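Protein chains in written order, with the UniProt record's numbering: chain A, 1 to 300; chain B, 1 to 300.
Glycine included, every Cβ here is placed at the ideal spot set by N, Cα and C.
Please read these numbers as outputs of a predicted model, since none were measured by experiment.
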């Protein structure tokens with residue numbers, strides 16, 4: 001049996017981390033955008049071996065337990081102890097790991113949904129497990145619940161699925177331009193001094209967005225958050241300013257990766273692509289994924 | 001500007017009503033199925049008149065305030081007081097009103113989403129308003145939050161959007177057969193003695209479903225709930241028993257309408273339709289609507 005789960009890439013625009021000893025109560029406030037590109041997880045289950053085996057591969061390359069600790073933890077919990085067979089978990093990422101696209105949560109959630117589909121469970125139980133494992137291994141705090149909500153999401157109450165509350169903005173006719181330039185360590189940033197500024201600026205941005213909940217306002221607030229926390233600076237800020245001269249909405253920084261994102265109208269797309277080519281920067285364009293992740297039997 | 005919102009029809013399989021003075025905390029526990037047929041709300045907004053006018057029509061026929069009190073209440077809250085223009089709200093229902101398909105919540109939620117799209121707001125605020133108005137006017141307790149979740153839903157914590165928690169079952173390859181035979185007054189049933197049996201049997205069914213959360217189990221539990229509460233009896237029960245002889249899963253009663261529903265495999269469909277024709281019963285077949293309602297600019 002072959003199952004496919006798709007989980008959207010999730011870009012955080014601004015956030016407030018909220019830690020808690022109970023992983024289900026840990027989470028984040030903030031806002032972000034779910035893309036129609038992201039993580040595809042294919043799970044193949046074959047019975048009839050003498051032992052239980054779980055194999056995980058990233059983009060076609062087998063990975064060991066410690067390199068895929070989050071997804072292995074999910075699988076260990078969902079594949080029954082008395083199952084005798086081979087479980088292969090193939091994860092394919094449309095964006096590079098560590099660049100701020102929520103790949104870790106995408107892999108965890110996609111694995112949890114696909115394995116629950118096969119071995120029993122529900123959407124909520126699967127998502128809670130993915131969130132818990134993400135939090136425990138410091139993969140992220142808000143990606144799982146944001147990816148479940150889809151669209152342009154606003155986390156108004158922190159926590160995992162069933163506890164946190166996610167709102168959605170109305171939007172139309174936007175594509176998402178992403179310029180992925182490199183990695184940033186979420187862990188290092190969350191352990192550093194900048195966390196205080198993140199908390200202050202994140203709450204201000206959230207309050208302000210809820211008073212005027214439009215995607216255009218989200219981008220203005222995201223940019224203010226990125227600059228005032230000092231996270232967006234140097235060369236990356238220079239590129240953002242170059243975009244300002246050409247795009248109708250401000251671009252902002254992908255939280256947390258060395259990269260930028262912007263909401264671009266269909267009619268702005270061609271000029272934007274020409275600009276990116278002129279600047280010699282890598283980029284991608286994606287649609288906005290509305291609604292839940294997808295999971296089902298794969299017959300492709 | 002013309003906006004369209006689609007809200008799935010929602011059939012309740014079993015439920016426990018939970019009343020509360022705060023409408024956002026009122027709701028229900030239970031389970032049900034969202035269909036890919038339901039309520040379409042078209043909202044047309046024209047500015048430039050001297051006064052604010054709100055018009056509502058059901059299936060093309062204009063209705064007065066008292067006949068559409070729920071949708072008028074939603075519109076009065078969402079159209080700004082200083083708006084000068086015509087707001088026309090055209091609601092089209094795929095199933096008859098009062099038959100247990102969640103039309104009232106569909107109209108309220110569709111209206112709230114479409115008007116929020118035009119005049120500003122968010123998904124959560126719009127849904128909370130629809131839920132509050134539904135509860136106040138006794139349209140229903142759990143339909144709005146169930147319709148937001150989509151799919152085969154399980155309300156595991158009662159309350160309106162942002163407070164209640166809804167889980168989803170995994171499923172595949174099912175169509176929903178509905179046999180709508182007449183109306184039932186939700187109000188009369190919730191005011192009657194049967195409410196005690198509903199509370200006891202509803203909780204038992206929910207606990208049992210969460211231990212074995214599969215659609216097939218849902219149908220067994222729904223049927224047990226319907227029979228043990230005494231709601232499914234007489235001629236309707238006879239029809240359900242006739243279905244039992246032909247379908248792989250038990251059918252059950254639409255809560256609350258005089259009607260039956262069943263999960264039918266694609267391959268069972270032809271025989272089922274022949275049976276319904278033989279019995280001379282009205283029926284419809286729908287798919288399961290996954291994910292959120294839809295709202296957007298209408299350009300069809």
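Find the residues of chain B that neighbour residue i, judging by a C-beta separation of less than 7 Å, and give them in chain order.
i                      : result
residue 169 of chain A : 122
residue 297 of chain A : 172
residue 116 of chain A : 170
Hey, quick one: how far does the beta strand (DSSP E) through residue i stretch, first residue to last?
i                      : result
residue 157 of chain A : 152-157
residue 72 of chain B  : Where residue 72 of chain B is concerned, there is no enclosing beta strand (DSSP E), although the alpha helix (DSSP H) it sits in stretches over 69-78.
residue 39 of chain B  : 27-47
residue 260 of chain A : 258-265
residue 140 of chain B : It is not in any beta strand (DSSP E) - residue 140 of chain B carries neither H nor E in the DSSP assignment.
residue 296 of chain A : 294-297
residue 284 of chain B : 284-286
Would you mind working out which of the options sits nearest residue i, comparing C-alpha positions?
i                      : options                       : result
residue 92 of chain A  : A:132, A:82, A:80 and A:105   : A:105
residue 299 of chain A : B:232, B:172, B:63 and B:37   : B:172
residue 82 of chain B  : B:16, B:51, B:4 and B:248     : B:51
residue 11 of chain B  : B:218, B:297 and B:161        : B:218
residue 41 of chain B  : B:107, B:205, B:94 and B:74   : B:107
residue 76 of chain A  : A:90, A:115 and A:182         : A:115
residue 302 of chain B : B:282, B:187, B:267 and B:270 : The structure shown does not extend to residue 302 of chain B, since chain B spans only 1 to 300, so no value can be given for it.
residue 34 of chain B  : B:296, B:285, B:47 and B:267  : B:285
residue 159 of chain B : B:2, B:16, B:3 and B:4        : B:16
residue 14 of chain A  : A:136, A:156 and A:148        : A:156
residue 201 of chain B : B:259, B:18 and B:227         : B:227
residue 238 of chain A : A:213, A:279, A:212 and A:199 : A:279
residue 301 of chain B : B:266, B:225 and B:139        : Past the boundaries of the shown model lies residue 301 of chain B; chain B is included only from 1 to 300, so the question cannot be answered.
residue 225 of chain B : B:165, B:194 and B:25         : B:194
residue 123 of chain B : A:169, A:271 and A:60         : A:169
residue 24 of chain A  : A:297, A:255, A:131 and A:137 : A:131
residue 209 of chain A : A:137, A:30 and A:235         : A:30
residue 259 of chain B : B:272, B:240 and B:249        : B:240
residue 21 of chain B  : B:244, B:213, B:137 and B:207 : B:137
residue 255 of chain B : B:183, B:192 and B:243        : B:183
Taking a contact to mean a Cβ-Cβ separation below 8 Å, would you say residue i touches residue j in this structure?
i                      : j                      : result
residue 96 of chain A  : residue 180 of chain A : yes
residue 141 of chain B : residue 28 of chain B  : yes
residue 7 of chain A   : residue 118 of chain A : no
residue 287 of chain A : residue 146 of chain A : no
residue 128 of chain B : residue 80 of chain B  : no
residue 291 of chain B : residue 99 of chain B  : no
residue 63 of chain B  : residue 56 of chain B  : yes
residue 175 of chain A : residue 264 of chain A : yes
residue 247 of chain A : residue 268 of chain A : yes
residue 295 of chain B : residue 113 of chain B : yes
residue 229 of chain A : residue 197 of chain A : yes
residue 49 of chain A  : residue 86 of chain A  : yes
residue 321 of chain A : residue 78 of chain A  : The question about residue 321 of chain A has no answer, for chain A in this structure spans 1 to 300.
residue 154 of chain A : residue 144 of chain A : no
residue 386 of chain A : residue 135 of chain A : Beyond the ends of chain A as shown, which are 1 and 300, falls residue 386 of chain A; an answer cannot be given.
residue 54 of chain B  : residue 297 of chain B : no
residue 5 of chain B   : residue 102 of chain B : no
residue 223 of chain B : residue 250 of chain B : yes
Given that residue i touches chain A, what residues does it touch there, using C-beta distances under 7 Å?
i                      : result
residue 208 of chain B : Per Cβ cutoff of 7 Å: no residues; residue 208 of chain B is ~14 Å from chain A at best.
residue 162 of chain B : 165
Which residues bound the alpha helix (DSSP H) around residue i?
i                      : result
residue 271 of chain B : 269-279
residue 146 of chain B : 143-149
residue 103 of chain B : 103-119
residue 18 of chain B  : Residue 18 of chain B -> not in any alpha helix (DSSP H); beta strand (DSSP E) instead, spanning 2-18.
residue 190 of chain B : 186-191
residue 24 of chain A  : Premise fails: residue 24 of chain A is in no alpha helix (DSSP H) and is neither H nor E.
residue 244 of chain A : 234-244
residue 215 of chain B : 215-228
Which chain B residues are close to residue i, counting only those with a beta carbon under 9 Å from its beta carbon?
i                     : result
residue 72 of chain A : By Cβ distance, chain B contributes nothing, its closest Cβ being about 22 Å from residue 72 of chain A, past 9 Å.
Strictly below 8 Å CB to CB, what residues from chain B border residue i?
i                      : result
residue 291 of chain A : 150, 290, 291 and 292
On the CB-based measure, 16 or more other CB atoms within 10 Å of its CB, does residue i come out buried or exposed?
i                      : result
residue 37 of chain B  : buried
residue 151 of chain B : buried
residue 19 of chain B  : exposed
residue 47 of chain A  : exposed
residue 73 of chain A  : buried
residue 274 of chain A : exposed
residue 1 of chain A   : exposed
residue 221 of chain A : buried
Starting from residue i, find everything on chain A with Cβ-Cβ shorter than 9 Å and list it in chain order.
i                      : result
residue 213 of chain B : 120, 121, 122 and 125
Contact criterion: CB-CB distance below 8 Å. Does residue i meet it with respect to chain D?
i                      : result
residue 175 of chain B : Any reference to chain D falls outside this structure, whose protein chains are A and B.
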